[in-house]
Amino acid sequence: MKKSNLENFSLRKPVVLIGMMGAGKSSVGRALAEILGVPFCDADHEIIAVSNCSIAQIFADYGEEEFRRIERQVIARLLKTGTGILSVGGGAFMNTETRARIMESALSVWLKVDREILLARVLRHGERPLLKEGDPREKMMRLLDEREPVYAEANLVVDCDDRPVAQTARRVAEAIQAAPESQTR
Ligand code: S3P
0 MKKSNLENFS
10 LRKPVVLIGM
20 MGAGKSSVGR
30 ALAEILGVPF
40 CDADHEIIAV
50 SNCSIAQIFA
60 DYGEEEFRRI
70 ERQVIARLLK
80 TGTGILSVGG
90 GAFMNTETRA
100 RIMESALSVW
110 LKVDREILLA
120 RVLRHGERPL
130 LKEGDPREKM
140 MRLLDEREPV
150 YAEANLVVDC
160 DDRPVAQTAR
170 RVAEAIQAAP
180 ESQTR
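Mapping of the sequence shown onto numbering that gives the first Met the number 0: position 58 corresponds to residue 57, and the numbering continues sequentially without gaps.
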């Protein structure tokens with residue numbers, strides 16, 4: 000099998016990792032940035048930094064709409080300035096404006112994970128404001144029904160499931176390297 004040479008590969012555009020809560024966007028993003036030797040940024044962390052408030056607190060005090068407004072602004076700014084790896088929250092790509100921006104200026108990668116694995120992960124880390132009310136399984140499945148067809152618009156889809164972070168990051172790096180968008184003409 001042909002060996003990839005990831006060390007000598009340079010990104011032509013920022014890479015945006017999208018996918019559902021629990022997909023591992025932040026941990027895979029960090030490992031991927033390390034492999035490619037580029038900066039990593041987490042949009043949710045930037046939102047926390049600019050608002051000086053946790054995401055749960057933004058939802059509780061100002062509501063989801065305000066969170067989405069801040070999220071849109073923060074991602075627009077990060078896309079203008081960054082050329083590394085950016086992970087965005089699970090709802091970000093659902094916004095038409097943000098999705099168009101990402102599609103225009105970045106290479107988008109959907110980290111696709113089996114629904115039951117996602118559910119088990121989010122139940123283990125129970126701090127997601129969107130799952131606070133009602134039955135979390137029902138809410139996750141409903142969100143996935145809405146979101147998966149939209150996530151599928153990403154430039155690349157990488158099946159991750161329960162693989163270790165380092166392995167997933169390597170697969171993502173290889174998929175990016177092989178993508179037509181990464182080729183120099
Ligand atoms: C959200 C996902 C969260 C965070 C917010 C909303 C969503 O990020 O942005 O709670 O709409 O799916 P993660 O995908 O990193 O959990």
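Even glycine gets a Cβ: it sits at the ideal position worked out from N, Cα and C. Computed from a predicted structure; not experimentally measured.
**Message:** Let me check you understand the geometry: is the CB of M139 closer than 7 Å to at least one non-hydrogen atom of ligand 1?
**Reply:** No, Cβ of M139 sits at least 7 Å from all heavy atoms of ligand 1.
**Asked** For R169, which residues of its own chain have a beta-carbon under 7 Å away from its beta-carbon, when the five flanking residues on both sides are left out?
**Response** So the qualifying residues of the chain are I34.
**Request:** Alpha carbon to alpha carbon, how far is E147 from R136? Give it in angstroms, no decimals.
**Result:** Those two C-alpha atoms are separated by around 16 Å.
**CA-to-CA distance, A99 to F8, given in whole angstroms** = In this model, F8 and A99 are separated by some 26 Å (Cα to Cα).
**Item:** Alpha-carbon to alpha-carbon, G21 and F92
**Value:** Going from the Cα of F92 to the Cα of G21 covers about 15 Å.
**Message:** Using the three-state DSSP reduction, which class does M0 fall into: helix, strand or coil?
**Reply:** With a pLDDT of only 39 at M0, under the threshold of 50, the placement of this residue in the model should not be trusted, and no figure is reported.
**Prompt:** Should G90 be listed as close to ligand 1, given that the test is whether its C-beta is under 7 Å from any heavy atom?
**Reply:** Yes.
**Message:** For G62, count the other beta carbons within 10 Å of its own beta carbon; 16 or more makes it buried, fewer makes it exposed. Which is it?
**Reply:** Classification for G62: exposed.
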